[in-house]
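See structure below.
There are 2 protein chains.
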Amino acid sequence: MAEDKSGTGAISRTGPPISAAFLVMALGRRVKDHVENRLGEHGIALRHLSALGHLHRTPDVSYSELARRAAVTPQSMQDTLRLLEKAGAVVRVTEPGRGRTAKLRVTDEGHRLRLLGQAVFDAADAVITAAVPSGGADLLAPALLAALERFPVEPGSAESSRETS
Amino acid sequence: MAEDKSGTGAISRTGPPISAAFLVMALGRRVKDHVENRLGEHGIALRHLSALGHLHRTPDVSYSELARRAAVTPQSMQDTLRLLEKAGAVVRVTEPGRGRTAKLRVTDEGHRLRLLGQAVFDAADAVITAAVPSGGADLLAPALLAALERFPVEPGSAESSRETS
DNA sequence: ACTCGGTTTCAGGCAGACTGTAACTCATGG
DNA sequence: CCATGAGTTACAGTCTGCCTGAAACCGAGT
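If you read the sequences in order, they're chains A and B.
Taken in order, the first sequence gives residues 1 to 165; the numbers are from our numbering.
Taken in order, the second sequence gives residues 1 to 165; the numbers are from our numbering.
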């Protein structure tokens, strides 16, 4: 119904370059929604993929350590891992119990999901780099990275870290 | 400590360019958090600023119409406006009541807040454009815009539209 | 031996969106 | 005239991620 919801309609008219900050926020959200939806088709969300990535890179870490790296509380991370355990994507190689620090491992199913998520990211990357003009593609990532460093991590953010490789 | 939460630590090492999609998501969230915090110091959030912008551009619209433009449900928009009304930033020029369509106006206080929000965005823009290399600054916005159009609005997004000008 | 930091686990809370439902207005057609 | 139905405001409840609070427990250091 002629929504104009993203503002693009009003944007695409003319010169006033429209706030870069706004564009970054909008694009970030769009991409996140896209990734989240694609991942959702396989039963996981972004935070699960992130946890899988962390766990793959450094196995045998505990809930709390994992939480620390993802910058969330141990409770939230436990909640995230609950789904992954139930889906058979990670297992704890130590027996459960109140104060017993857990060692977690990624299973074969976990690796399957992880690679699948990586494919989703690769696809999104292709779309993005196809959108920048000509040779600006390899100029984009460093710029984004530089901008990222210029915005401090403020209290109350969370951020989920990356999962590649 | 030694959080590495955003992955930057792992990123800044070497060549593997790291997913552009990931960077966009991370930067988008960082910028949003930044804007939200700055706005929060003045008692409003992004959605309030967005509503103020919409209302400033096209006055005398109703709750539902406003909700339609922001792509949220009327209930959510009503909730957003509740704060703005209580803060004296918008007033309804018609009397309340169950089925009576409301006409809403931005007050002087509302304009003050709107301009203030615009300043926040301008500041963020400056930070971003300062982060891109040399002449890439005016190349960034079009690229982001082009990328934005390549990601369809998927079911379950919301998006808040823009508020500038 | 025993305290203390780190950990897991359970319970509750909060914010922002949503759906569901009720009450009401207003234009339109019979 | 008035009944019907689309549109709107209003109120309540729900859900999802995340949080804080508190309890139970392990394991190393003194």
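Heads up, the beta-carbon is just placed ideally off N, CA and C, and yes, glycines get one too.
For residue i, is the classification buried or exposed, using 16 other Cβ atoms within 10 angstroms of its Cβ as the cut-off for buried?
i: ALA124 of chain A; result: buried
i: HIS111 of chain A; result: exposed
i: ALA131 of chain B; result: buried
i: ALA126 of chain B; result: exposed
i: ARG29 of chain B; result: buried
i: ASP33 of chain A; result: buried
i: GLY53 of chain A; result: buried
i: ASP79 of chain A; result: exposed
i: ARG100 of chain A; result: exposed
i: GLU154 of chain B; result: exposed
Examine chain B for any beta-carbon lying closer than 8 angstroms to the beta-carbon of residue i, and answer yes or no.
i: SER19 of chain A; result: yes
i: ASP60 of chain A; result: no
i: GLY15 of chain A; result: Residue confidence is low: GLY15 of chain A scores 48 on pLDDT, short of 50, so the model does not pin down where it sits. Its coordinate-derived value is still stated next. Output row for GLY15 of chain A: interface = no.
i: ILE128 of chain A; result: yes
i: ALA147 of chain A; result: yes
i: ASP79 of chain A; result: no
i: GLU154 of chain A; result: yes
i: ALA89 of chain A; result: no
i: LEU113 of chain A; result: no
i: GLY136 of chain A; result: yes
i: LEU139 of chain A; result: yes
i: LEU39 of chain A; result: no
i: LEU55 of chain A; result: no
i: ALA119 of chain A; result: no
i: ALA67 of chain A; result: no
My understanding is that residue i touches residue j, with C-beta atoms under 8 angstroms, so please give their C-beta distance in whole angstroms.
i: ALA141 of chain B; j: LEU144 of chain A; result: Incorrect: roughly 14 angstroms between the Cβ atoms, too far for contact.
i: ALA66 of chain B; j: VAL106 of chain B; result: For the record, residue 66 of chain B in the displayed sequence is Leu; it is not Ala. Wrong, their Cβ atoms sit about 12 angstroms apart, outside the cutoff.
i: GLU109 of chain B; j: GLY88 of chain B; result: 5 angstroms
i: MET25 of chain B; j: VAL31 of chain A; result: 5 angstroms
i: ARG38 of chain B; j: VAL120 of chain B; result: 5 angstroms
Take residue i as the anchor and find which of the options has the nearest alpha-carbon.
i: ASP60 of chain B; options: B:VAL24, B:LEU113, B:THR94; result: B:THR94
i: LYS103 of chain B; options: B:PRO96, B:GLY97, B:ARG92; result: B:ARG92
i: GLN118 of chain A; options: A:ARG30, A:PRO74, A:GLY97, A:GLU36; result: A:GLU36
i: LEU23 of chain A; options: B:VAL153, B:LEU148, B:ALA70; result: B:LEU148
i: GLY97 of chain A; options: A:VAL153, A:GLY88, A:SER76, A:TYR63; result: A:TYR63
i: LEU116 of chain A; options: A:GLY135, A:GLU154, A:GLY99, A:GLY43; result: A:GLY43
i: PHE151 of chain A; options: B:THR58, B:THR129, B:MET77, B:VAL90; result: B:THR129
i: GLU41 of chain A; options: A:GLU154, A:LEU113, A:ARG69, A:ASP122; result: A:LEU113
i: ILE18 of chain B; options: A:ASP122, A:GLU154, A:PRO133, A:VAL90; result: A:ASP122
Taking 8 angstroms as the threshold (beta carbon to beta carbon), is residue i in contact with chain A?
i: LEU27 of chain B; result: yes
i: LYS32 of chain B; result: yes
i: PHE133 of chain B; result: In the sequence under discussion, the amino acid at residue 133 of chain B is Pro, which differs from the Phe named in the question. Output row for PRO133 of chain B: interface = yes.
i: ASP108 of chain B; result: no
i: ARG150 of chain B; result: yes
i: LEU144 of chain B; result: yes
i: LEU23 of chain B; result: yes
i: ALA45 of chain B; result: no
i: ALA124 of chain B; result: yes
i: VAL93 of chain B; result: no
- request: Tell me, please, whether the region 68-88 of chain B touches the region 36-55 of chain B by the rule of three or more beta-carbon pairs shorter than 8 angstroms.
  value: yes
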